[in-house]
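Note sheet for the following structure.
Number of protein chains: 2
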Amino acid sequence: MLETLFSPKSVAVIGASSSPSKVGHVILSNLIKGGFQGPIVPVNPSVDEILGARCYSSIKEYGDQVELSVIVRPRQYAEEAVRDSLAAGCRTIILISSGFKEAGEEGFAIEEKITSLCKSRGVRLLGPNCLGVINTEGKINASFAGDMPYKGGISIISQSGAICAAMLDQAATHHLGLAKMVSMGNKADISEVDLLRFLARDKQTKVVAGYLEDIKSGDDFVKAAEEASTSKPVIILKAGTTAAGLKAAASHTGVLAGTDTAYGAAFMRSGVIRADTFQDLFDYASAFSLQPLPKGKKVLIITNAGGPGTLVADAVEKAGLEVAVLDRNISSALREKLPEVASTGNPIDVLGDADPERYAEAIRAAQNDDSVDSVIVILTPQAMTRPAETALAIAAQINGEKPVFASFMGGEGVMPGRAELSEAGLPDYDSPERAVAAIKAMYEYSAWKQRPPRVVTRFPVNRRRVERIITRNQRTNRLHLGEVKAKSILEAYGFRIPEGHLAATSDEAVEIAKRFGFPAAMKIVSPDIVHKSDLGGVRLKLATADAVRDAYDLMMIRIREKAPQARIEGVYVEEMIDPGLEVIIGMNRDPQFGPMLMFGLGGIFVEVMKDVTFHLAPITSEEAKQMLLSTRSYEIMEGKRGQHGVDLEAIANGLQRISQLTTDFSQIEELDINPFIVGEMGSEPVVADARMTLSKLI
Amino acid sequence: MLETLFSPKSVAVIGASSSPSKVGHVILSNLIKGGFQGPIVPVNPSVDEILGARCYSSIKEYGDQVELSVIVRPRQYAEEAVRDSLAAGCRTIILISSGFKEAGEEGFAIEEKITSLCKSRGVRLLGPNCLGVINTEGKINASFAGDMPYKGGISIISQSGAICAAMLDQAATHHLGLAKMVSMGNKADISEVDLLRFLARDKQTKVVAGYLEDIKSGDDFVKAAEEASTSKPVIILKAGTTAAGLKAAASHTGVLAGTDTAYGAAFMRSGVIRADTFQDLFDYASAFSLQPLPKGKKVLIITNAGGPGTLVADAVEKAGLEVAVLDRNISSALREKLPEVASTGNPIDVLGDADPERYAEAIRAAQNDDSVDSVIVILTPQAMTRPAETALAIAAQINGEKPVFASFMGGEGVMPGRAELSEAGLPDYDSPERAVAAIKAMYEYSAWKQRPPRVVTRFPVNRRRVERIITRNQRTNRLHLGEVKAKSILEAYGFRIPEGHLAATSDEAVEIAKRFGFPAAMKIVSPDIVHKSDLGGVRLKLATADAVRDAYDLMMIRIREKAPQARIEGVYVEEMIDPGLEVIIGMNRDPQFGPMLMFGLGGIFVEVMKDVTFHLAPITSEEAKQMLLSTRSYEIMEGKRGQHGVDLEAIANGLQRISQLTTDFSQIEELDINPFIVGEMGSEPVVADARMTLSKLI
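These protein sequences, in sequence, are chains P and D.
This note's numbering applies: residue 1 is where the first sequence begins, and numbers increase by one.
This note's numbering applies: residue 1 is where the second sequence begins, and numbers increase by one.
What follows is the structure, encoded as structure tokens:
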């Protein structure tokens, strides 16, 4: 579908210019310099020739079909240029110019018009407000992002042209090869979803590195990203993770992105590797594109100085990785090849006067040792150090079976070595902690790839009953479902709710309580009262019929005093629930990503310690358990420290049922089970209180 | 005291060599190349001349006094070289050679001998196992760390020679100037404490950047570091913060460092700026040495692209800083000088085609605006970008009143600009988030400098009573003080403890309970029972005389069943304490830094959530309040969410009293008040349970 974006047979540049400072010149020049083999068609009615190429007054004049049209015309002429391109049979259009959606209403209207024009002809549109596209394989540089990069495995997709340009410039400096680069601009048509789908199958692309400020469709993104991640690493730097960042993003693209929590959940779900900074994006992209994935978390450190070795050992432990120790036999064999005072523990210290051969011996040992999953080689510039030769010696040992990273620390003194490392395809970081961060990202991705197949359990439920309740309430515009209705929906989805019934008189209340025995609980039911306890609307542990009667009458008096306007539907009389651990299960429908499940321990754990975890629905049994495991308070549920543990499976089961419910019914906007009371292993948890919010019927 | 280390009138190199690959050659060559003006005395009996300098067969042969002797002789000849140097009247000796403490017992013995030899003559010793010293002011490069650096404000002290070398190399590449560099090696004599004291007063030193694996004396370090931090920033990269790092450090220096928590507390106390990575160390050192401190936390972002601006806005907010907004008048004045579509909000977007003048205008506006405390200028390489001229335009605007940082993103494309920035003394980071981290460090240091004077309150206490209790127990080797004794010590330091007495019979128990009224509490007293509750040794809320009697008798039966060997001293009968919030106050004596106070909310907050804060004693009232504020659970104490708050002053007061107690009595090794029960404002908290551990009498 995007074939003619990346590999067109012919390219027109509408708005080609003979003035070297104009974008229309730079793009044409880049196309020619890049070495594109097909016909290049510059269009400009006022000149005959640019850069030695014949110039056409219009694309029509050219006669033959042009597959890709790059438009560099001011906004007011853009539509005309698009129509001309369509008439000339273009399959893809890149609209470079700015002044559209990002510039206000007028621009937005023109952008919309152009987009639907292209759509109606089945023609794809990149931009507007973008730098264009590069494909090193087809030698096409239809961009003004920079010179044609080296050929390699990284494909860049970015919502910011400047990030494209900076990445391109850095890649060139580090001799890092790229496959494709796409500046997405306003994403009027072609978006991250199309590109992820395409790049997932693209043979030249080994790694996708992206910069995003928003996404067009949450569902499609998650699907496309998961598919892409399954075949190759997808690294994304997401800007606008804070209020300040969102404001900044909105001011320059007119984009309103969703919450960062939702993006986090979506990335986790789809295996996307998250870069937190621009440096991370570049570091990870180079690591993933140059080195194989580690099989495990054991990192061997080879260094010519103790201090940096210690820093890396610290970084490895902090990252949740492990400092590897060489196998005893391999270690003693190595010991014989190194000076007596060298250390063959971990770090392996080849000493300050290490020659290239010592490094080579140490790396050989690491390659042969199954207890090593990845290697970091540190070189500091000491009096006897030969960086370039050492780099060559290291490179000669690489067999591609486990990832090897270099950290040549310093500046000019180690520069010759850096060049050799680049040449040999070894990632090199001047601060060694950055190598550890890259290994961590690779290890986590590798773990994600080995995840069990995602099988979402479907429980037998009474879907029709829920359908009825929801429809009835939506029709009467009662969108806040209180305890009674919410429980009734949950019961239909297999949750245990306490036995109970609505009472309209104190006699009825006593009658109901007698039915399931004492003690009983009583709660006021009113659409106008949210915080029942605050108004005296909750009474617990009522042990006798008289207690129930007294409580009923008192509750009515108090509520009428405190909330005279409230419509009272009655009093809900319920069996008392056995005490247990209180947890919270929630759902909030994200506008982008749909139902986002929330889990946390009740009370202060959620409210004060913010100890909650999130996951997008639908959720698997594994993922539900992972949500529990990711809370800091997991220990309490597990029941260490002499306490009994609670039934973790039962909580995970509850999460899955909520996942099913909120996937089945997109009308549920919000849902809270608080508290969900969980007991010991084998017991059935109970929904003690719950509420839901429905969407308005449109 | 260290004058002759940094500014000797004459320098000998014992072990000077004519072979260029030898350290003894490199040091001599560096001294000569560095431009040292005084006499240089190469000592080597087997050659007449090295590098054009006359060689002496011994330092004695030279005749005149030599102030600094640099020894590069193998371990077995080191003592002789030291004796010769002493005889020649040297005031300071640098022992470069390795093979001493770090190599095992034999080396350690020689090192000890040499150290005491120097001490007995009042001569200072640097090393052994070090790279030497550099002082750009005196043009002395008595090291093999690298070439003489540019002159500037950063002084490096490092326990790792390799870190010295890497910093030197990076500084040279970035045209960053240094004042002094000291490779401390094994720190047999001269340590971080001496150097901090000296550098605090050194006029050339604007910033101290250090790498440490351990410290020699906690108290001295805190004092010296605080004094130095008061006059200039001290940035330290501390290695060995994890178990893996400690192991690595131990293996290469034979050093066993203390816990990272204690180092963290010591750094906080003394205003030391902590670098977490090698990159941070360099980034912070360059920022502090080149730019003034910010007056506040408002950061203005100037950029030629929206994406990177958004990334920085995110980073600013995450760092706890604020994104500045230009004053309305200044903003509208700027608006007139920029193109219409440029944004003068924050970030200020000067657009992709920005020329140097636009950047200049934006910076001028920022300089004039009091609502801006610091500025980050981002440049991305776009088609029209002129990095070098833009760098010059930026540099021309700098007036030194507020810090300005550049982030020229990319590689070769922005390289010309980088050189101009270096030249102009503007810190430049290729990933813009690094500039934010540097500003954060500067802002925090600036806040530390403005801290109120440290006045430690001394409370009137009964010191003699505590003295007696401690002495008596130490003499009888009863080092674990249980509840009763610990409470009695705390009472002498002004803590409220519940009324109570030891009962030996049930009659006595009843008698005691009657004295202060019911309900009462009872707890078993035995040196052999730590977890009283687990054995049925605690009974609470005993409402009547009969209940007390029954509880006493039952407790005796149960304890004899469950712990027949335990020596029972009786039962402690106590008034019941009113319920309140349970907090924990603790103290653990760090071998390096002395009494370290601990605070946290009781129960799961400490045990599961690890929500605790630490501070070195003695503590001020401000610092005590800061300890409370730094817990994640502060909200609970403060009493938001409809709950009553507790008396925060009273907790802070308790922390200060424990600070006084544990500063007064170094015999107290550990102390725990758990729980300390705190009530509403104005109430007096109560020590519900406590224990202490004393040190062994030696």
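C-beta atoms are modelled at their ideal positions from N, C-alpha and C, and glycine is treated no differently.
If we ignore side chains and look at the alpha-carbon of each, how far apart do D189 of chain P and P128 of chain P end up? 9 Å
Quick check: is the beta carbon of I636 of chain P nearer than 8 Å to any beta carbon in chain D? yes
Output, in sequence order along the chain, the residues in the region 368–398 of chain D whose CB is closer than 7 Å to any CB in chain P. T380, P381, Q382, A383 and M384
Once you ignore the five residues that flank S10 of chain D on each side, which residues in its own chain have a CB closer than 8 Å to its CB? G38, P39, I40, V41, D64, Q65, V66, E67 and L68
For F593 of chain P, the three-state DSSP class (helix, strand or coil): coil
What residues in the region 93–107 of chain D bring their beta carbon closer than 7 Å to a beta carbon of chain P? A103
In angstroms, rounded to a whole number, what distance separates the CA positions of E106 of chain P and K113 of chain P? 11 Å
Continuous alpha helix (DSSP H) assignments of at least 4 residues falling wholly in the region 354–408 of chain D: 356–368 and 387–397
Under 7 Å, CB to CB, which of the residues in the region 277–292 of chain D have a partner in chain B? In the structure shown, chain B cannot be found, because the protein chains are P and D.
Looking only at C-alpha atoms, which of P:V182, P:E622 and P:K487 sits nearest to G132 of chain P? P:V182
Check the C-beta distance from V727 of chain P over to E561 of chain P and give it rounded, since I have them as a contact under 8 Å. Nothing about residue 727 of chain P can be read from this structure; chain P reaches only from 1 to 698.
Candidates P:S217, P:A393 and P:A179, of which the one nearest T205 of chain P by Cα: P:A179
Determine whether the beta carbon atoms of I235 of chain D and L176 of chain D lie at a separation below 8 Å. no
Take the Cβ of I529 of chain D as the centre, count every other Cβ of all protein chains shown within 10 Å, and call the residue buried at 16 or more, exposed below. buried
Per-residue DSSP class, three states only, for H480 of chain D: strand
Candidates D:L351, D:I378, D:T380 and D:Q397, of which the one nearest A366 of chain D by Cα: D:Q397
Which residues in the same chain have their Cβ closer than 7 Å to the Cβ of K60 of chain P, if we skip the five residues on either side of it in sequence? D84, A87 and A88
Taking all protein chains shown into account, decide if M596 of chain D is buried (16 or more other Cβ within 10 angstroms of its Cβ) or exposed. buried
Those residues which DSSP pairs with P527 of chain P across a bridge: P527 of chain P pairs with nothing; no bridge assigned.
Between V13 of chain D and L28 of chain D, is the Cβ-Cβ spacing less than 8 Å? yes
Can you pull the chain D neighbours of G600 of chain P, defined as C-beta to C-beta under 8 Å? Within 8 Å Cβ-Cβ: nothing; G600 of chain P doesn't reach chain D, min ~13 Å.
What are the start and end residues of each continuous beta strand (DSSP E) run of 3 or more residues lying completely inside the region 443–512 of chain P, in chain order? 500–503
Identify which residue in P:R589, P:R475, P:R549 and P:P387 has its Cα closest to the Cα of A504 of chain P. P:R549
Within 8 Å, strictly: CB atoms of R515 of chain D and A492 of chain D: no
What number of angstroms, rounded off, separates the C-alpha of F100 of chain P from the C-alpha of S46 of chain P? 26 Å
Inter-residue Cα distance where the pair is R567 of chain P and P527 of chain P: 7 Å
So if I threshold CB-CB distances at 7 Å, which residues from the region 11–26 of chain D count as touching chain P? S21, V23 and V26
Within 10 angstroms of its Cβ, does P579 of chain D collect 16 or more other Cβ (buried), or is it exposed? exposed
Quick one: residues in its chain with C-beta nearer than 6 Å to the C-beta of D672 of chain P, no 5 flanking neighbours on either side, listed in chain order? G586 and R691
Is the beta carbon of L246 of chain P closer than 8 Å to that of A275 of chain P? no
What would DSSP say about R632 of chain P, mapped onto helix, strand or coil? coil
Which one or two residues does DSSP pair with E575 of chain P in a beta bridge? P:A520
Does the beta carbon of T241 of chain P come closer than 8 Å to any beta carbon on chain D? yes
Below 7 Å CB to CB, which residues in the same chain sit around E680 of chain D once its five sequence neighbours on both sides are set aside? H644, V646 and D647
Could you tell me which residues DSSP puts in a beta bridge with Y284 of chain P? The partner list for Y284 of chain P (beta bridge, DSSP) is empty, contrary to what the question assumes.
Do M384 of chain P and P308 of chain P have their C-beta atoms within less than 8 Å of each other? no
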